[in-house]
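Worksheet for the structure shown next.
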Amino acid sequence: MLRAAFLRLCHTIAAAGTMTGVPTVSFSELRSLLASGKVRLFDVRSREEVKAGTISGALNIPVSELETALTMDPAAFQTLYSAEKPKLEDKNLVFFCQMGKRGFQATQLAQGLGYTGYDKV
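In terms of the numbering used here, the sequence shown is residues 1 to 121.
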C-alpha cells in the first residue's frame, strides 16, 4: 500500500511540475526529504479516499477544508487535526492528491495565504 501511495505521489509531483508557478519536488528530492524527516506531507484528498491508504506521516486535510485549516488559530488546528499548524515560513510543505489537480490547488492556496517558506517544493 505504501509503495502504491508513493508512486501516486510521484505521479502527482510529475503532473504538478507542468503547472506554471507552482513549486514542485522531484522524486529523488522527496526521497531525501522523507529520509531526513524535513518534510511535512499534506494529503488533500477526501477522507474516504484516504481510507484506502496514504503515505505514512501525511496529515489529511481535504482541499475543501484547507483554507479554513490554514487560517485557524494554532490551538484550534492542533485540536482538530492532532498536529502542529504549519507556520508561514515553514519549509518543505508538500500537498498531494491522487492525480495532481487538488495538490496544485492546495499549493496555490497556501501561497495565496502567505506560506512562503518553500525550499524546492
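Even glycine gets a Cβ: it sits at the ideal position worked out from N, Cα and C.
Tell me which same chain residues have a C-beta within less than 8 Å of the C-beta of residue i, skipping the five on either side of it?
| i | result |
| --- | --- |
| ARG40 | LEU59, PRO86, ASP90, ASN92, LEU93, VAL94 |
| GLY114 | LEU88 |
| SER82 | none |
| LYS51 | none |
| PRO74 | GLU84, LYS85 |
Is it true that the CB of residue j sits closer than 8 Å to the CB of residue i?
| i | j | result |
| --- | --- | --- |
| ARG45 | GLN98 | yes |
| ASP43 | PHE104 | no |
Excluding the five sequence neighbours on either side, which residues of its own chain have a C-beta within less than 6 Å of the C-beta of residue i, listed in chain order?
| i | result |
| --- | --- |
| ALA106 | VAL44, VAL63, LEU66, PHE95 |
| ALA110 | none |
| GLY112 | none |
| LYS38 | ASN92 |
| GLN78 | none |
| ARG165 | Only positions 1 to 121 of the chain appear in the structure, and residue 165 is not among them; the question remains open. |
Leaving out five residues on either side along the sequence, give the residues of the same chain with a beta carbon under 7 Å from the beta carbon of residue i.
| i | result |
| --- | --- |
| ARG47 | ASN60, PRO62 |
| GLY57 | LEU41 |
Which one or two residues does DSSP pair with residue i in a beta bridge?
| i | result |
| --- | --- |
| LEU93 | ARG40 |
| LEU59 | PHE42 |
Tell me whether residue i counts as near the ligand FMN, meaning its Cβ is closer than 7 Å to at least one heavy atom of that ligand.
| i | result |
| --- | --- |
| LEU41 | The model depicted lacks the ligand FMN and carries no ligand whatsoever. |
> Should the stretch 63–72 be regarded as contacting the stretch 24–33, the criterion being three or more beta carbon pairs within less than 8 Å?
Replying inline: Contact between the stretch 63–72 and the stretch 24–33 is absent: fewer than three C-beta pairs spanning the two stretches fall below 8 Å.
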